[in-house]
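Undergrad:
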Ligand code: RB5
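Residue numbers (this note's numbering): 515 to 674.
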């Protein structure tokens with residue numbers, strides 16, 4: 515499995531720890547920054563990783579910012595991408611098994627590096643299944659994708 519990983523300046527340290535860990539576990543990891551361009555804001559890093567998933571460069575993504583929230587919000591704006599904040603092992607596992615998320619996000623100011631490694635392992639070591647319990651999950655994921663298609667053509671009246 516090929517994994518794309520990205521962080522803003524607040525997540526660089528955790529990103530580097532996860533790259534070392536996942537590489538040692540045998541994953542092929544592609545680093546989408548930030549590295550030498552520390553001014554890059556999190557939405558741009560999220561977009562790079564999500565584009566890489568949609569283009570088939572990598573299979574899954576892990577995005578890290580201060581809270582994990584901005585990365586998650588951005589990733590979910592990218593057509594076809596399902597992203598979830600996953601800062602405990604159960605959520606990381608369910609992100610793939612229930613939600614068929616291609617991306618998990620984490621907050622470097624929220625999660626410790628050992629738990630982050632376990633979350634990454636839990637997410638990457640499972641596959642979404644369309645049979646058994648997976649069948650019911652798949653129907654819900656299909657509905658998410660349908661909503662995405664419907665919403666694509668509507669214009670928001672209120673920006674909050
Ligand atoms: C800093 O820009 C902080 O907002 C960012 O790292 C992230 O936590 C956003 O959601």
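C-beta atoms are modelled at their ideal positions from N, C-alpha and C, and glycine is treated no differently.
If you're wondering where the values come from, they're calculated on a predicted model, not measured in any experiment.
#1: Whose beta carbon lies closer than 5 Å to any heavy atom of ligand 1, going through the chain in order?
#2: Would DSSP call residue 540 helix, strand or coil?
#3: For residue 594, which of 523, 518, 614 and 602 has the nearest alpha-carbon?
#4: Which of helix, strand or coil does DSSP assign to residue 644?
#5: Just how far apart, CA to CA, sit residue 655 and residue 612?
#6: Look at the alpha carbon of residue 530 and the alpha carbon of residue 634, and state the distance between them as a whole number of angstroms.
#7: Select from 596, 527 and 642 the residue whose C-alpha is nearest the C-alpha of residue 660.
#8: If you follow the beta strand (DSSP E) that residue 562 is in, where does it begin and where does it stop?
#9: Between the C-alpha atoms of residue 630 and residue 640, what's the straight-line distance to the nearest angstrom?
#10: With a threshold of 6 Å on Cβ separation, who are the neighbours of residue 521 within its own chain once the five nearest residues in sequence on each side are excluded?
#11: Quick one: what's residue 577 bridged to in DSSP?
#12: Please report the residue range of the alpha helix (DSSP H) in which residue 636 lies.
#13: So, at 6 Å on beta carbons, what are the nonlocal neighbours of residue 582 in its own chain, with the 5 sequence-adjacent residues on each side left out?
#14: Run through the DSSP bridge pairs and tell me what residue 545 is partnered with.
#15: Only counting the same chain, and skipping five residues up and downstream in sequence, which positions put a Cβ closer than 8 Å to that of residue 666?
#16: Rounded to whole angstroms, what is the Cα-Cα separation between residue 535 and residue 518?
#17: Using the beta-carbon count (16 or more within 10 Å), is residue 567 buried or exposed?
TA: In terms of the structure at hand:
#1: The answer, residue by residue, is 522, 524, 579, 580, 581, 583 and 584.
#2: In this structure, DSSP gives residue 540 a state outside helix and strand, which the three-state scheme calls coil.
#3: It is 614.
#4: Correct three-state label for residue 644: coil.
#5: Going by the C-alpha atoms only, they are around 8 Å apart.
#6: Cα atoms of residue 530 and residue 634: separation of roughly 13 Å, rounded to the nearest angstrom.
#7: Closest in C-alpha terms to residue 660, from the list 596, 527 and 642, comes 596.
#8: Not the beta strand (DSSP E): residue 562 falls in the alpha helix (DSSP H), residues 556 to 568.
#9: Residue 640 has its alpha-carbon roughly 16 Å from the corresponding atom of residue 630.
#10: For residue 521, where only same-chain residues beyond five positions count, the Cβ hits under 6 Å are 529 and 578.
#11: 520 and 619.
#12: Residue 636 -> alpha helix (DSSP H) spans 627 to 638.
#13: Within its own chain, the residues whose Cβ lies closer than 6 Å to the Cβ of residue 582, once the five positions on either side in sequence are excluded, are 599, 619, 620 and 621, listed in chain order.
#14: According to DSSP, residue 545 bridges with 519.
#15: Counting only Cβ-Cβ distances below 8 Å, and skipping sequence neighbours, we find 593.
#16: Straight across, the Cα-Cα distance linking residue 535 with residue 518 is about 14 Å.
#17: Result: buried.
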